[in-house]
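Protein chains in written order, with this note's numbering: chain H, 1 to 634; chain X, 635 to 892.
Beta carbons are placed, not taken as given, at the ideal position from N, Cα and C, and that holds for glycine.
A quick note: this is a predicted structure, and the numbers were derived from the prediction, not measured.
Right, one structure below, let's go through it.
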């Protein structure tokens, strides 16, 4: 299936997916994008700081990337758009939705650039209703905008509904998004809006509705009249708006592609609560979208979610463009209009991508990554060399180069040192070379390759793959010890109880021995009575030996039991399924904050509630303190 | 069978310390002439080449060619257990699974460690002997200071050598700066001399991040040799005992003008 795919994924940390299959296999972005079969990847919540950007995320072979990272908050939000150079090449790139930010190494705002250098459609004075100023709206690394000749692509991470303090910011951001999109469309540009918009469109897009209606004593109409959802529905064709439409939003402008291709599909969710483990039962919401403007509605052959792909609390969503699209009644190759003029014609590439095509916003131009040159390209590669030498020494085949190592080395040095006249002076310097450094290298190198053929040295990627498993092991080992630590309090307590019970035991059984007394006792025994074995036997079986000091007596069995209580495997309660419960800690502020409790370990069911008599999480709930008490009494 | 005894553990400690941030895993290739190491950093911008000749050790014995695949972070952990003045002995079988290290101090304290080895498939680059346009010898502490000082200003430095001297210049967001050195001979302390040999003027730009990284080798030697030529990687060389060396190569940044 051809087509050009635009994928959006809230990755919840740019490296996060690499902990999951299938991404953990190769752990490269190139491989990830190939598995996604994507040509444009919009990532949200990269949660990375500029200083932490690494080679592997910026210098992805065959891809270019544009970041929008928060100005102040560290390891928060962040949007990245990756574009496949062989398929598309934007003509302009911007960061932020309002245009108040500046391009790299410039103090001119995007909105103040000459018209032919800007994407346009910036909110004009009076267009934005909210109190939050534009610089603040764009300070959190939430938006990258790319312009292709065919359309403007807005990749964004809308603020989540967290608490009242963020409501103004959230609504302000969505308002700015709405205004910018409407302005762009009014300019005659096509728009694709994609990303984690953190808003549900209608009742079919979330599993949370029944509970919310019950808890808040509200109605579906009420729920979708709350300002962000109402605003979002204003944007969308077939969006539901209660009562009169708002001023300046008289018309819808975007199609919800996921819904367009799956109009009645239920449970089409893209985000789940990881803490409640609600993904297995698909108790989630659809808040990630690919939306497009009306004039390109028919350009798409497919749009869907990829709920089966793990790696984040969101799943990827995508929309696929046709290879040929209609513009003003004319068939056009999509690639022609996804690249600057002159790069593609009739779907055929006219010229190759070069570093000169990089836009100022490209992350590859960040000084750290810019103008990189590989030392490999500068030094002659030796890998092929030992092979040819070994073959030529063993069997002088006419096909292989007759001169073993001298010539290729000489050639390369000639190329490399070309500009300096002194070094290229004559061939004697070439013939002289092998005697010095290169020879010492070959002598070191060639045995290595010989061992490699015999031992089949495993590639370094394998050793890398081993590392994480080691880490996992360490983590596993750590956990029990941490548990052991937490019961140190229990140790003091149980010692007291052990003492008191030991007293009773002494009275009942008369079974004294212990670390100190045991030693002294046996000493006495051997010294005074001689018949060692008999006496020990006596001591163990008949327990007639009177203890010297009852307060210092330790019962070995008691001792062992109390130690095993501390160090042994903790007994956890069973849930209704008969499975072990998991221990969690109350995070909700209040009297119970910080208390730990046990609940059923299974994922939450499709109802979003604990369920009775189903395979999903049952209603077992036990405070740890209650459980510990009950354990001690039994 | 490899057996190599170093009179001062610090020679190896410092060398491994200097390269461990650049390279994670690499082979120590041992043969009768000594122990060699060649490795590129992950981004393939820099290359480390170390040669510890047999003369550095007493005794030194290596009958066959042995590649010791070592994780440098793990190696550092083991070497940390050695005091600088300890006598260090490296031992390995012919096809080793582990490298044996023995540290002895003057009080007859003997500690022994086995470091597990790994299979590393490494690319070897042939480094051609090059006549450089400019060769600068200077105190290693001076070079380190220049790099760290300029690092505060910018991500990259332009090293320009001409008949007047050598100039390290950079410009960044907060401003620009430069350090110029001229040849000078210190008779009393020759290691403090600055010597510039020039066959033609040269000017190249390099990433300071890497240069600062190279400077971690400063404790190994009181002086450093810096060699530059157009279209050739920069060479930064720290001499070890005898004719052994630790060399760093760095690919220059591609010039803006093209």
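Ends of the alpha helix (DSSP H) at residue i?
i	result
residue 640 of chain H	Residue 640 of chain H is absent from the structure shown; chain H starts at 1 and stops at 634.
residue 184 of chain H	167-186
residue 899 of chain X	The displayed coordinates of chain X run from 635 to 892. Any statement about residue 899 of chain X would go beyond what the structure contains.
residue 135 of chain H	134-137
residue 210 of chain H	209-216
residue 847 of chain X	842-848
residue 711 of chain X	706-713
residue 377 of chain H	375-378
What number of angstroms, rounded off, separates the C-alpha of residue i from the C-alpha of residue j?
i	j	result
residue 64 of chain H	residue 353 of chain H	11 Å
residue 697 of chain X	residue 817 of chain X	45 Å
residue 839 of chain X	residue 845 of chain X	11 Å
residue 432 of chain H	residue 813 of chain X	With a pLDDT of only 40 at residue 432 of chain H, under the threshold of 50, the placement of this residue in the model should not be trusted, and no figure is reported.
residue 611 of chain H	residue 308 of chain H	24 Å
residue 828 of chain X	residue 781 of chain X	16 Å
residue 468 of chain H	residue 186 of chain H	The predicted position of residue 468 of chain H is uncertain, since its pLDDT is 41 and thus under 50; no value can be drawn from it.
residue 662 of chain X	residue 671 of chain X	5 Å
residue 821 of chain X	residue 831 of chain X	18 Å
residue 836 of chain X	residue 144 of chain H	41 Å
residue 280 of chain H	residue 289 of chain H	21 Å
residue 284 of chain H	residue 218 of chain H	20 Å
residue 138 of chain H	residue 198 of chain H	17 Å
residue 540 of chain H	residue 555 of chain H	Reliability of the predicted coordinates at residue 540 of chain H is poor, the pLDDT of 46 falling under 50, and no value is obtained from them.
residue 124 of chain H	residue 250 of chain H	18 Å
residue 349 of chain H	residue 80 of chain H	26 Å
residue 153 of chain H	residue 351 of chain H	24 Å
residue 140 of chain H	residue 607 of chain H	35 Å
residue 69 of chain H	residue 692 of chain X	56 Å
residue 647 of chain X	residue 51 of chain H	30 Å
residue 628 of chain H	residue 161 of chain H	39 Å
Could you have a look at residue i and say whether DSSP puts it in helix, strand or coil?
i	result
residue 861 of chain X	strand
residue 264 of chain H	coil
residue 303 of chain H	strand
residue 571 of chain H	coil
residue 198 of chain H	coil
residue 46 of chain H	coil
residue 288 of chain H	strand
residue 781 of chain X	helix
residue 2 of chain H	coil
residue 639 of chain X	strand
residue 241 of chain H	coil
residue 826 of chain X	helix
residue 703 of chain X	strand
residue 851 of chain X	helix
residue 685 of chain X	strand
May I ask which residues mark the beginning and end of the beta strand (DSSP E) holding residue i?
i	result
residue 644 of chain X	Counting along the chain, residue 644 of chain X falls outside any beta strand (DSSP E), though it belongs to the alpha helix (DSSP H) covering 643-653.
residue 801 of chain X	799-806
residue 670 of chain X	668-674
residue 635 of chain H	There is no way to answer for residue 635 of chain H, as the model of chain H reaches only from 1 to 634.
residue 773 of chain X	768-773
residue 157 of chain H	152-157
residue 725 of chain X	721-726
residue 253 of chain H	Here residue 253 of chain H belongs to no beta strand (DSSP E), and DSSP marks it neither H nor E.
residue 221 of chain H	Careful: residue 221 of chain H lies outside any beta strand (DSSP E), inside the alpha helix (DSSP H) at 220-223.
residue 794 of chain X	790-796
At a cut-off of 7 Å, would you count residue i as near the ligand GTP, judging by its Cβ distance to the nearest heavy atom?
i	result
residue 613 of chain H	This structure does not include the ligand GTP; it has no bound ligands of any sort.
Using a Cβ-Cβ cut-off of less than 7 Å, give me the residues of the segment 786-810 of chain X that come near chain H, in sequence order. Residues of the segment 786-810 of chain X that bring their beta carbon within less than 7 Å of a beta carbon in chain H comprise 789 and 790, in sequence order.
Mind listing which residues of the segment 816-849 of chain X have their C-beta closer than 8 Å to chain H's C-betas, in chain order? Per Cβ criterion, the list reads 833, 834, 839, 841 and 843.
Short of 7 Å Cβ to Cβ, which residues in the segment 761-780 of chain X face chain H? Under the 7 Å Cβ criterion, the segment 761-780 of chain X contributes 761, 762, 763, 764, 765 and 767.
Please list, in chain order, the residues of the segment 866-879 of chain X that have any C-beta partner in chain H closer than 8 Å. Going along the segment 866-879 of chain X in chain order, one finds 866 and 867 with a Cβ nearer than 8 Å to chain H.
Under 7 Å (Cβ pairs) to chain X, residues found in the segment 365-380 of chain H: Residues of the segment 365-380 of chain H that bring their beta carbon within less than 7 Å of a beta carbon in chain X comprise 367, 368, 371, 372, 373, 374, 375, 376, 378, 379 and 380, in sequence order.
According to a CB-to-CB cut-off of less than 7 Å, which residues of the segment 36-67 of chain H neighbour chain X? Within the segment 36-67 of chain H, the residues whose Cβ lies closer than 7 Å to some Cβ of chain X are 55, listed in chain order.
Which runs of the beta strand (DSSP E) spanning at least 3 residues fall entirely within the segment 7-72 of chain H, listed in chain order? Entirely contained in the segment 7-72 of chain H, the beta strand (DSSP E) runs reaching 3 residues are, in chain order, 40-44 and 63-68.
Members of the segment 665-692 of chain X near chain H, C-beta cut-off 7 Å: Residues passing the 7 Å Cβ filter: 665, 667, 670, 674, 676, 677, 678, 679, 680 and 681.
Which of the residues in the segment 735-755 of chain X, read from start to end, lie with their CB under 7 Å from any CB of chain H? Across the segment 735-755 of chain X, CB contacts with chain H closer than 7 Å involve 752, 753, 754 and 755, in sequence order along the chain.
Which ranges would you report for the beta strand (DSSP E) in the segment 732-762 of chain X if only whole runs of at least 3 residues count? 732-738 and 744-750, all fully within the segment 732-762 of chain X.
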